[in-house]
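Its first residue numbered 1, the sequence shown is counted upward by one per residue in UniProt numbering.
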Amino acid sequence: MRSRVAGVRRRDRRGRGLRGPLTPPQAPLSRTRAERFDDLVAEEVRRLGRRWRRELARVEFAVEDVPEIEPWFDGPVPLGQTRPGTGGAVRIVIFRRPVEARATGERETGRLIRDLLVEEIADLLGLSPESVDPSYDTPDD
């Protein structure tokens, strides 16, 4: 039987080496949920920006975890919001946690992000969502 020094714990149980990440850091699998969500938003902003570059020049896009809601708020939790940005710009914010709670998977999360951004941009430009993006509110197949 081995003797143990009080307070010392062995991390290399069974002689297999220390635990480490299962995938290299550059692999997509090692990205956090928040990072993958940010990537989905950035990809959609780039896609919409190609068509609406001039109109979106003074628009900032951001992701926040949750909206700030008063304790007595009794409505649906917002998924996105348009608010004043810095230097006279407008900021469109997508709230990650409510969107992830509403969607059932990454594909639906991407579709929901697309629809939210299209709706906010359409409202900002005074256009219909369908004129901002013809794929609005259609499922990705």
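A virtual CB, placed ideally from N, CA and C, is assigned to each residue, including glycine.
Through-space distance from residue j to residue i, alpha-carbon basis
i	j	result
Ser128	Ile69	28 Å
Arg2	Phe37	Any reading at Arg2 must be qualified, since the residue scores a pLDDT of 46, below 50, and its modelled position is unreliable; the value itself is stated next. For Arg2 and Phe37, the distance between alpha carbons rounds to 49 Å.
Arg107	Pro134	18 Å
Ser131	Ile121	11 Å
Gly80	Ala103	14 Å
Glu119	Gly126	10 Å
Thr82	Gly105	25 Å
Ala89	Asp115	22 Å
Arg53	Gly87	19 Å
Arg50	Asp39	17 Å
Trp72	Asp137	32 Å
For residue i, the residue or residues it bridges with in DSSP
i	result
Ala62	Val93
Arg83	Arg91
Which listed residue (the options) has its alpha carbon closest to that of residue i
i	options	result
Arg33	Gly110, Arg83 and Arg54	Gly110
Glu60	Arg36, Arg31 and Leu124	Leu124
Val93	Asp137, Val41 and Ala122	Val41
Val66	Gly75, Gln81, Arg96 and Ala101	Arg96
Pro78	Ala101, Arg51 and Val45	Ala101
Arg85	Pro98, Leu48 and Arg58	Contrary to the premise, residue 85 reads as Gly rather than Arg in this sequence. Nearest option by C-alpha distance: Arg58.
Pro98	Gly88, Pro76 and Ala89	Pro76
Whole-number beta carbon distance between residue j and residue i, since they are thought to touch under 8 Å
i	j	result
Ile113	Glu64	The pair is not a contact, with the Cβ atoms about 13 Å apart (cut-off 8 Å).
Leu117	Leu48	6 Å
Ala62	Arg31	Wrong, their Cβ atoms sit about 19 Å apart, outside the cutoff.
Closer than 8 Å to chain C by CB, residue i
i	result
Phe37	The structure shown contains no chain C; it holds only a single protein chain.
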